[in-house]
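Engineer:
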Amino acid sequence: MASSSAFRGGDGVIGRVKTAASTLASENQILISDFRKAIAMMKEIAVELEKQNKTEMVKELEKEVIELLNGYEDTAHFSLVVQSVGNSYEPGPELTDFKKLFEDELSKLKASRPSDPQNHQLLRQFREAVWNVHHAGQPMPGEEQADIVMTSTECSFLNITCPVSGKPITELVEPVRSMDCKHIYEKAAIMHHLRTNAAPCKCPATGCPKMLQADRVESDPLLLVEIEEQRSRQASRPDGIEDFTELDDD
840 MASSSAFRGG DGVIGRVKTA ASTLASENQI LISDFRKAIA MMKEIAVELE KQNKTEMVKE
900 LEKEVIELLN GYEDTAHFSL VVQSVGNSYE PGPELTDFKK LFEDELSKLK ASRPSDPQNH
960 QLLRQFREAV WNVHHAGQPM PGEEQADIVM TSTECSFLNI TCPVSGKPIT ELVEPVRSMD
1020 CKHIYEKAAI MHHLRTNAAP CKCPATGCPK MLQADRVESD PLLLVEIEEQ RSRQASRPDG
1080 IEDFTELDDD
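Everything in the sequence shown is counted per this note's numbering, starting at 840 for the first residue and increasing by one.
1. What residues are listed by DSSP as bridge partners for VAL969?
2. Restricting to runs no shorter than 4 residues, where is the alpha helix (DSSP H) found entirely within the region 844 to 919?
3. Which of the three DSSP states is assigned to THR1009 in this structure?
4. Which residues in the same chain as PHE965 place their Cβ atom closer than 8 angstroms to its Cβ, once the five residues preceding and following it in sequence are excluded?
5. Can the beta-carbon of LYS1041 be found less than 8 angstroms from the beta-carbon of ASP1019?
6. Over what stretch of residues does the beta strand (DSSP E) that includes SER1017 continue unbroken?
7. Can you tell me the Cβ-Cβ gap for VAL972 and LYS893, rounded? I've got them flagged as a contact below 8 angstroms.
8. When DSSP labels each residue in this structure, what does LEU1051 get in the three-state scheme?
9. Below 8 angstroms between beta carbons: does that hold for LEU908 and PRO956?
10. Report the partner residues of GLU1057 according to the DSSP bridge assignment.
11. CB-CB under 7 angstroms to HIS974, same chain, minus the five flanking residues each way: which ones, in chain order?
12. Our contact map puts ALA864 next to PRO1060 with C-beta atoms below 8 angstroms; I'd like the distance itself, whole angstroms only.
13. Measure the CB-CB distance between GLY925 and VAL1003 and report whether it falls below 8 angstroms.
14. Using a Cβ-Cβ cutoff of less than 8 angstroms, which residues in the same chain neighbour ARG1070 once the five nearest sequence positions on both sides are dropped?
15. Under a Cβ-count criterion, where at least 16 other Cβ atoms within 10 Å of its own Cβ denotes burial, should HIS1022 be classed as buried or exposed?
16. Given this structure, state the Cα-to-Cα distance separating ASP943 from ARG1016, to the nearest angstrom.
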């Protein structure tokens, strides 16, 4: 899949590539959302099976969840790479080998973000839901009680409000997430923060030691899906969800 740079309308070509990449990544979010919905449905089925003490069937279902998570991660990686290629593409004097460009970006992404389905949060939530059928309120084997409190909300966010603007993440117009510390911000607010503070700039979230770089703050393909899920959970819980990350250690 090669594209000639000879048709250099310059910014026009770059703009078209960026638009195409953005469209493809956005369409891919539907698939990402479907993966999450399927895993959530399998979790509900597993809970019902566990209530009937059908342990072997639960184990088989867990294996299927792990397989789904592999596809889920591949799909998420695809969206990130498409966005990265679209944002960084610049035509040169030679033909652009988009296939190689894509593969190189994918290799770099996997090297910087190694993933193991066994440690995935969605699998953790699946196992916790099954465990709680017969052991509600008890920590899962090898875990502390504090871990149960943190995961029982099924909230994957480190912060529920933007540390710069103070707005709830479910109300952010253009949410972005740090690739390093995973805190979420309103894009306009964090970019203004980066511009007006001397580099290196520390993450504005209380207690976060990570340094921020503008090119490592992004709207990753999972973020909008996760925020929409959070909105749905909040709608079903009128009392809201407490941000346990803001509590003091003592």
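Glycine is no exception: its CB is placed at the ideal position from the N, C-alpha and C atoms.
Structural biologist: Let me spell this out:
1. According to DSSP, which records beta bridges pairwise, VAL969 is partnered with nothing at all.
2. The region 844 to 919 contains these whole alpha helix (DSSP H) runs: 850 to 890.
3. Helix, per DSSP.
4. Excluding its 5 nearest sequence neighbours in each direction, PHE965 has C-beta neighbours in its own chain below 8 angstroms: ILE878, MET881, LYS882, ALA885, GLU901 and VAL904, listed in chain order.
5. Contact flag unset, no.
6. DSSP places SER1017 in the uninterrupted beta strand (DSSP E) bounded by 1014 to 1017.
7. That pair is no contact at about 11 angstroms.
8. It is a strand residue.
9. PRO956 is positioned such that its CB atom lies closer than 8 angstroms to that of LEU908.
10. GLU1057 pairs with ARG1016.
11. Taking C-beta separations shorter than 7 angstroms and ignoring five residues to either side along the sequence, HIS974 has no partners in its chain.
12. The pair is a contact, with the Cβ atoms about 6 angstroms apart (cut-off 8 angstroms).
13. No, they are not a contact pair.
14. Excluding the 5 residues flanking it on each side, ARG1070 has same chain C-beta neighbours closer than 8 angstroms at THR1009, in chain order.
15. A residue is called buried once 16 or more other Cβ atoms fall within 10 Å of its Cβ, and HIS1022 is buried on that count.
16. So the two alpha carbons sit approximately 23 angstroms from each other.
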